[in-house]
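Sequence lines, in order, name chains V and H. Numbers given in the working numbering equal positions in the first sequence, counted from 1, plus 73. Numbers given in the working numbering equal positions in the second sequence, counted from 1, plus 73. All residues carry an ideal CB built from backbone N, CA and C; glycine is no exception. Remember, predicted model here, so these are calculated numbers, not experimental data. Note sheet for the following structure.
Number of protein chains: 2
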Amino acid sequence: MKKRTLPLGRVYRLLEPGPVVLLSTAHRGRADVMTVSWHTMMDFEPPLVGCVVSDRNFSFELLGRSRQCVINIPEAALARQVVGCGNVSGRRVDKFARFGLTAVPAAQVAAPLIAECVANLECRVVDSRWAKRYCFFVLEVVKAWIDPAVTAPRTLHHRGRGEFMVAGRTIRLPSRMK
Amino acid sequence: MKKRTLPLGRVYRLLEPGPVVLLSTAHRGRADVMTVSWHTMMDFEPPLVGCVVSDRNFSFELLGRSRQCVINIPEAALARQVVGCGNVSGRRVDKFARFGLTAVPAAQVAAPLIAECVANLECRVVDSRWAKRYCFFVLEVVKAWIDPAVTAPRTLHHRGRGEFMVAGRTIRLPSRMK
Chain V
74 MKKRTLPLGR
84 VYRLLEPGPV
94 VLLSTAHRGR
104 ADVMTVSWHT
114 MMDFEPPLVG
124 CVVSDRNFSF
134 ELLGRSRQCV
144 INIPEAALAR
154 QVVGCGNVSG
164 RRVDKFARFG
174 LTAVPAAQVA
184 APLIAECVAN
194 LECRVVDSRW
204 AKRYCFFVLE
214 VVKAWIDPAV
224 TAPRTLHHRG
234 RGEFMVAGRT
244 IRLPSRMK
Chain H
74 MKKRTLPLGR
84 VYRLLEPGPV
94 VLLSTAHRGR
104 ADVMTVSWHT
114 MMDFEPPLVG
124 CVVSDRNFSF
134 ELLGRSRQCV
144 INIPEAALAR
154 QVVGCGNVSG
164 RRVDKFARFG
174 LTAVPAAQVA
184 APLIAECVAN
194 LECRVVDSRW
204 AKRYCFFVLE
214 VVKAWIDPAV
224 TAPRTLHHRG
234 RGEFMVAGRT
244 IRLPSRMK
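Here it is in structure tokens:
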């Protein structure tokens with residue numbers, strides 16, 4: 074995996090457009106991958122990310138217990154695997170094996186990076202007070218990796234019922250927004 | 074504005090892809106519009122939306138006091154206005170007048186709909202316990218409107234520093250995800 078470190082202050086530029094992500098978790102020898110679209114940036118630096126992980130998912134257990142995860146950002150070429158990870162439960166299936174995803178050790182967390190994704194954000198849970206009420210976790214990105222060849226990733230954006238928008242062209246406007 | 078009501082159970086299909094939205098608020102004769110990318114779905118039905126509104130923005134005051142807002146979804150044709158609303162403060166400028174946005178009365182909240190947007194989601198604040206710590210509000214969508222001519226909106230997705238991805242093509246895959 075020829076990735077470089079991405080400065081933490083630039084993480085928002087990957088997550089703000091709203092891509093479908095693969096959330097990888099691990100705890101006591103079990104790992105899981107979950108397809109997630111319900112996430113938002115909450116602060117720039119250190120980057121905080123709010124994320125809904127349903128308590129019906131195996132990942133909810135692994136995330137709650139390990140308090141660590143990796144947010145992996147897939148491009149459209151991985152669409153089949155992204156949907157596959159959403160269609161089965163990690164309680165029954167090793168999704169890495171089933172979908173040919175390569176688990177690579179992370180630098181700061183126990184959850185694995187997914188090599189096939191263009192970017193990987195190593196995260197720690199910093200606030201789980203809303204885990205019961207909303208299945209909502211606040212994550213801090215502690216280390217970020219990106220494929221240096223990719224400037225405008227062809228991310229997937231879930232429209233529901235198996236329909237995805239694929240990232241289109243880029244436009245630039247004179248903005249004072251960060 | 075020739076819009077039809079959108080069933081509340083379908084609201085997630087508009088917000089999940091992560092579009093830039095225009096948040097409109099009103100309180101005691103003052104109205105504001107704010108450009109927002111930091112939002113996420115939190116539940117399907119009734120639709121709950123989590124949203125960060127910085128306390129440096131005039132909209133934070135109006136939202137906190139009125140406890141109502143409208144999430145308006147613009148298409149790429151409105152890019153100039155979207156960036157414009159992010160570049161100035163509503164404390165000094167009437168953004169509706171400045172950017173030629175048409176305020177239309179909503180059905181259930183005091184904040185106005187923006188006619189030029191393809192969809193409008195009338196919202197009430199249902200949880201503001203994280204407003205101080207994270208500037209985070211939980212909104213419930215109580216009424217939704219959509220332009221019936223639009224099936225795959227050409228939404229804007231913020232990549233930071235004035236760079237936006239415009240929604241590209243649609244792909245379909247056999248998914249069990251809602």
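- Classified as buried, H:Thr98 has 16 or more neighbouring CB atoms from the shown chains inside 10 Å of its CB.
- Per the coordinates, the alpha-carbon of V:Arg103 lies some 21 Å from the alpha-carbon of V:Cys124.
- With a cutoff of 7 Å on beta-carbon distance, H:Gly235 and V:Pro80 are scored as not near each other.
- With fewer than 16 other CB atoms across the displayed protein chains lying within 10 angstroms of its CB, H:Glu118 is exposed.
- Using a Cβ-Cβ cut-off of 9 Å, V:Ala225 is close to Arg232, Glu236 and Met238 of chain H, given in chain order.
- Contact annotation: V:Cys208 and V:Asp128 have beta-carbon atoms nearer than 7 Å.
- Beta-bridge pairing by DSSP links V:Cys124 to V:His112 and V:Phe210.
- Beyond the five residues adjoining it in sequence on each side, H:Arg138 comes within less than 7 Å, by CB distance, of His100 in the same chain, given in chain order.
- Chain V places a beta carbon closer than 7 Å to that of H:His112, counting this residue as a contact.
- Within chain V, the residues Gly91, Val93, Ser110, Trp111, His230, His231, Arg232 and Gly233 have their CB atoms less than 9 Å from the CB of H:Glu89, given in chain order.
- Per DSSP, H:Ser132 is one residue of the alpha helix (DSSP H) stretching across Phe131 to Ser139.
- Just measuring C-alpha positions, the residue of V:Leu87, V:Glu134, V:Leu186 and V:Thr228 sitting nearest V:Ser162 is V:Glu134.
- For V:Val156, the enclosing alpha helix (DSSP H) covers residues Ala152 to Asn160.
- Selection V:Val84, V:Pro221, V:Ala170 and V:Glu195 evaluated against V:Ala180 yields V:Glu195 as nearest (Cα-Cα).
- In this structure, V:Glu89 and H:Gly233 form a Cβ contact; the two beta carbons are roughly 7 Å apart against a cut-off of 8 Å.
- About 19 Å separates the CB atoms of V:Leu95 and V:Glu213; that is not less than 8 Å, and the two are not in contact.
- When DSSP states are grouped into helix, strand and coil, H:Phe172 belongs to the helix group.
- Annotation: H:Lys75 to V:Ala184 spans about 49 Å, alpha carbon to alpha carbon.
- Inter-residue distance for H:Pro221 and H:Thr78 is about 9 Å (C-alpha atoms, whole angstroms).
- For H:Phe131, the CB contacts under 7 Å within the same chain, skipping 5 residues up- and downstream, are Asp105, Ser162, Gly163 and Arg164 in chain order.
- Under the three-state reduction of DSSP output, H:Arg101 falls in the coil class, being neither helix nor strand.
- H:Thr113 and H:Leu87 have their alpha carbons spaced roughly 11 Å apart.
- Taking H:Phe169 as the centre and dropping the five residues before and after it, the same chain places the C-beta of Ala176 closer than 6 Å to its C-beta, in chain order.
- H:Arg77 carries a strand assignment under DSSP once its states are collapsed to helix, strand and coil.
- In this model, H:Ala225 and H:Arg242 are separated by some 9 Å (Cα to Cα).
- For H:Leu229, the enclosing beta strand (DSSP E) has its first and last residue at Leu229 to Gly233.
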